[in-house]
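Structure record follows, encoded as structure tokens.
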Amino acid sequence: MKKTFIRFIAVLVLIVAAFVGYKYLTQPTLEAVPPIPPAPTESSATSAPKAAKVGGDSGAAASNATATAAKSGDPAVVPKGNILRIEVAGANSGVIEIKLRPDLAPNHVARIKALATAGKYDNVIFHRVIDGFMAQTGDIRFGIKGGNNQNAGMGSSDLPNLKAEFSQEKFTKGVVGMARGSSPDSANSQFFIMFADAPGLNGQYTIIGNVISGQDVVDAIKKGDSSRNGSVVEPDYMKSVRIE
Numbered sequence: 129m130k131k132t133f134i135r136f137i138a139v140l141v142l143i144v145a146a147f148v149g150y151k152y153l154t155q156p157t158l159e160a161v162p163p164i165p166p167a168p169t170e171s172s173a174t175s176a177p178k179a180a181k182v183g184g185d186s187g188a189a190a191s192n193a194t195a196t197a198a199k200s201g202d203p204a205v206v207p208k209g210n211i212l213r214i215e216v217a218g219a220n221s222g223v224i225e226i227k228l229r230p231d232l233a234p235n236h237v238a239r240i241k242a243l244a245t246a247g248k249y250d251n252v253i254f255h256r257v258i259d260g261f262m263a264q265t266g267d268i269r270f271g272i273k274g275g276n277n278q279n280a281g282m283g284s285s286d287l288p289n290l291k292a293e294f295s296q297e298k299f300t301k302g303v304v305g306m307a308r309g310s311s312p313d314s315a316n317s318q319f320f321i322m323f324a325d326a327p328g329l330n331g332q333y334t335i336i337g338n339v340i341s342g343q344d345v346v347d348a349i350k351k352g353d354s355s356r357n358g359s360v361v362e363p364d365y366m367k368s369v370r371i372e
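The sequence shown begins at 129 in our numbering and counts up by one.
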């Protein structure tokens with residue numbers, strides 16, 4: 129009798145395990161950054177490169193210094209057409225300016241510019257916001273303010289996914305990266321802005337730029353429920369997104 133009971137329990141456990149496994153495998157893949165790192169506030173051991181001083185140089189030296197400063201992310205050196213200006217609205221409001229980095233990820237930056245120029249990012253919510261980690265937005269299919277946002281985070285543009293353009297740049301506070309699914313080559317339209325350093329993301333996600341103005345606005349974006357993977361109730365949104 130005891131052996132029969134044990135066999136029954138074993139069969140029951142196998143049935144439950146099979147059901148859970150099936151449910152997991154059939155869940156849609158979210159276009160998202162990975163789970164919260166064990167220590168999202170952990171600082172990167174490698175400091176960001178210092179920008180070269182451009183004032184006072186001349187000739188070839190000045191040109192080299194300018195190029196070095198541009199690649200380092202120096203906010204003082206921003207070529208025309210490489211600033212992403214985001215007007216945030218909702219419970220919090222303000223303007224965020226992001227210096228785009230085509231030197232790091234030309235194809236991803238071109239995608240962001242194309243969608244912003246077409247107005248596709250206007251009125252798109254920050255659907256996933258995790259305190260101490262990042263704020264994610266850019267779902268232009270399911271993330272439109274006023275629509276049914278139940279599937280926000282699962283959508284993208286009608287354009288093809290992009291091949292990864294990973295770099296040696298570090299994910300530090302203010303850095304902007306492209307969200308993706310399980311495949312490295314699945315980024316499309318969604319992106320995220322860092323609240324803090326996250327070394328665990330280094331070399332795993334494509335960096336497209338960094339905040340040069342309005343980090344306080346970023347930090348004030350309405351946070352989501354950590355028990356629901358950062359899902360936000362009545363989220364803040366991007367009222368307008370422009371290239372300047």
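Glycine residues also receive a C-beta, built at the ideal position from the N, C-alpha and C atoms.
Rounded to the nearest whole angstrom, the CA to CA distance from Val361 to Gly331 is 31 angstroms.
Relative to Tyr365, the option among Gly358, Ile349 and Gln296 whose CA is nearest is Ile349. Taken through DSSP and simplified to helix, strand or coil, Leu243 comes out as helix. Within a 10 Å sphere around the beta-carbon of Gly274 sit fewer than 16 other beta-carbons, which makes this residue exposed. In the three-state scheme derived from DSSP, where H, G and I count as helix and E and B as strand, Arg229 is classed as coil. With a cutoff of 8 angstroms on beta-carbon distance, Val252 and Gly266 are scored as near each other. Under the Cβ criterion (8 angstroms, minimum of three pairs), the region 211–225 counts as touching the region 338–347.
Between the alpha carbons of Ala307 and Tyr333 lies a distance of about 7 angstroms.
Within the model, the alpha-carbon separation for Ala238 versus Pro230 is close to 8 angstroms.
Under the three-state reduction of DSSP, Leu290 is assigned to strand. Here Ala244 is near Val369, since their CB atoms are less than 8 angstroms apart. The straight-line gap separating the alpha-carbon atoms of Met282 and Phe270 is approximately 7 angstroms.
For Val339, DSSP records a beta bridge to Ile226.
Rounded to the nearest angstrom, the gap between the Cα atoms of Gly352 and Ile321 is 14 angstroms. If you compare the alpha carbons of Gly209, Asp313, Glu372 and Arg356 with that of Gln278, the shortest gap goes to Arg356.
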